[in-house]
Structures are given as structure tokens and as C-alpha cells.
Amino acid sequence: DYYYLFLGRAYLEYAKTITDAAQRDALIEQAANDLRKAQSINPLNTDHTANLARLYTLWASYSTDLNDKSEKILQADSFYSRAVTLSPNNARIWDEWSLLYVNLLDDPEKALERMETALEIDPKYHWTYALLGDFNNRKSRDENDVQMKRELQEKAAEYYAQALALPTPDDPTAKYNYAINLGSLMTQLDDVNGAIEAYQQALEAAPKTVEIWRIEETLGTLYVKNGDYVNALIHFQSALSQAPEDQKERLQNIISQLNQS
9 DYYYLFLGRA
19 YLEYAKTITD
29 AAQRDALIEQ
39 AANDLRKAQS
49 INPLNTDHTA
59 NLARLYTLWA
69 SYSTDLNDKS
79 EKILQADSFY
89 SRAVTLSPNN
99 ARIWDEWSLL
109 YVNLLDDPEK
119 ALERMETALE
129 IDPKYHWTYA
139 LLGDFNNRKS
149 RDENDVQMKR
159 ELQEKAAEYY
169 AQALALPTPD
179 DPTAKYNYAI
189 NLGSLMTQLD
199 DVNGAIEAYQ
209 QALEAAPKTV
219 EIWRIEETLG
229 TLYVKNGDYV
239 NALIHFQSAL
249 SQAPEDQKER
259 LQNIISQLNQ
269 S
């Protein structure tokens, strides 16, 4: 079964690199066939059923035909339902299932139910807190009542902070993403010190592919808001040293203005 599992995954990863819709669909269909073979050989291995759920979720996201899209979403939903029946204590699968309801089924209540189930199963799993942060953050953007919007933002920030505080051995970039989200929310909530702390954590956890200078500039701006021009200059100068050529003049002008303050 593992032969078909890895073959199916290989076809699926290859499909993600293809822009031609017909060719991509053919590759995904081949991946589905191989994953079904793996499942038929070892039906009690949750990985096979969960992978089919992931495949149909991805396939539905590519589909432009509404009937075809709906059929694939239902297939994904069915496979996730079977996956959690096989492994009811797998928080990751419950979380993935919740995203199907957020992104493709547009049913936030059922999505939240699955996130809360994942949280009950494993209260130390960082991704569940991050998803709850995303969930409340998204709700806050659609909220018109100022007080309710703030409450949702505060709730989202709390979840991101909890995600950030937990170990993330399965995802080396997770802490960076959580810190960036938390920093953005703290900025919106006018909590400058909280935003500085979050962006400092983002700086420490940033992968090599990230444009570090942008975080340095953000920190410089936050320190200016705090009236701390010494630290602001340190971060703006660090941003200047790492920024691309088309940004250097702008950053140099900011530094010059700060030196005159």
C-alpha cells in the first residue's frame, strides 16, 4: 500500500506544478486511482483515506464547473468523515476537515465545531489555535460593530499567542507566520508594545526566504510610535542594509529625518 501511497502523492505534487487544466486533471485522476489502490490494500490505514480527502479538496479548488466542484467537495467531506472514524483522536485531520467547511462549504459553524473537537483532543497542538485565530480574525473583518470587531480581534490575538507559545516541530515556518499574524493584530489594536514583541519573535523565527528588511522597517515604525528613536534607528538602519536598491533611498530619508529629531 505504501508504494501506491507515495506514487499517488508524487502524481499529486506534480499536478500542482501544471497550469494546463486538462493535463492537471489527468494527473490528479491518476493520483486518485493510486491512492484508492493503497486504501483498498490497507483500508484501516487512516493516511490513505485522509490523503483522498486532501486530494478531492484540492481538486475541487481547481474545478470551474459548479456541479463538478460540488461533487468533489462532497467526496472530500465523505473521506474526512471516514478518516476521523478510523482515527477519532487525530487533531490534525479534524483541523483539515474544518478548513473544507471554511474554504469550500462556507459553513463557519460546522468549521468551528471541528476546530473545537480538535482542541478537546489535543489542547497542545499549535495549529488548532492558529486556525481559531484565523477564524476569529476573518470574522472581525466582516464585523461592522466597532466593539464586537475589537472583541473578535482580541480573541484572535489570544489564539495566535497561544499557538506561538507551543512547540511546532512539524512546521518550521509556523512560529514566523503566527508571530506576523499576532503583530498585525496588535498593531490594529493599538498595542504597540505587544506588536513590537510579536514582530521581534517573527524576526527570530523568520526563514531565509523572507524579506527580513520589511520586518525591520515595521519594528522601526513601531518604535517611532513609542517615541523610542534610538531603537527605531537601529531597526531602520538594519532594514536599509538588507533592502533592495529601489527601497534604499526611501529608507535613508526616514533615517535622516530621525537623526534630525
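Just so you know, we're using my numbering here: the sequence shown kicks off at 9 and counts up by one. Glycine included, C-beta positions come from ideal geometry on N, C-alpha and C.
Checklist entry - Which stretch, first to last residue, makes up the alpha helix (DSSP H) that contains Leu82? => result Leu74 to Leu94
Checklist entry - Taking C-beta to C-beta, are Gly228 and Tyr207 nearer than 8 Å? => result no
Item to check | Enclosing alpha helix (DSSP H) for Tyr133 [first to last residue] | outcome: No alpha helix (DSSP H) holds Tyr133; DSSP gives it neither H nor E.
Item to check | Close beta carbons around Asp42, own chain, < 6 Å, minus the five adjacent residues each side | outcome: Tyr12, Leu15 and Gly16
Item to check | Coarse secondary structure for Ser71, derived from DSSP in three states | outcome: Ser71: coil per DSSP, three-state reduction.
Checklist entry - Pick from Leu66, Leu197 and Gln31: whose alpha carbon is nearest that of Leu82? => result Leu66
Item to check | Backbone CA spacing between Leu140 and Lys216 [nearest angstrom] | outcome: 27 Å
Item to check | Under the three-state DSSP convention, the category Asn219 falls into | outcome: For clarity, residue 219 is Glu in the given sequence; the question names Asn instead. Note: Glu219 maps to coil in three-state DSSP.
Checklist entry - What's the gap between the Cα of Asn152 and the Cα of Asn201? => result 26 Å
Item to check | Given Ile204 as reference, the closest of Lys233, Ala68, Gln265 and Ile49 once Cα atoms are compared | outcome: Lys233
Checklist entry - Taking C-beta to C-beta, are Gln250 and Ile220 nearer than 8 Å? => result yes
Checklist entry - Do Ala203 and the ligand PLP come close, with the Cβ less than 7 Å from some heavy atom? => result Annotation note on the ligand PLP: not contained in the displayed structure, which lists no ligands.
Item to check | Cβ separation of Ala213 and Ala240, assumed to be a contact under 8 Å, to the nearest whole Å | outcome: That belief does not hold up - the Cβ atoms of Ala213 and Ala240 are roughly 22 Å apart, past 8 Å.
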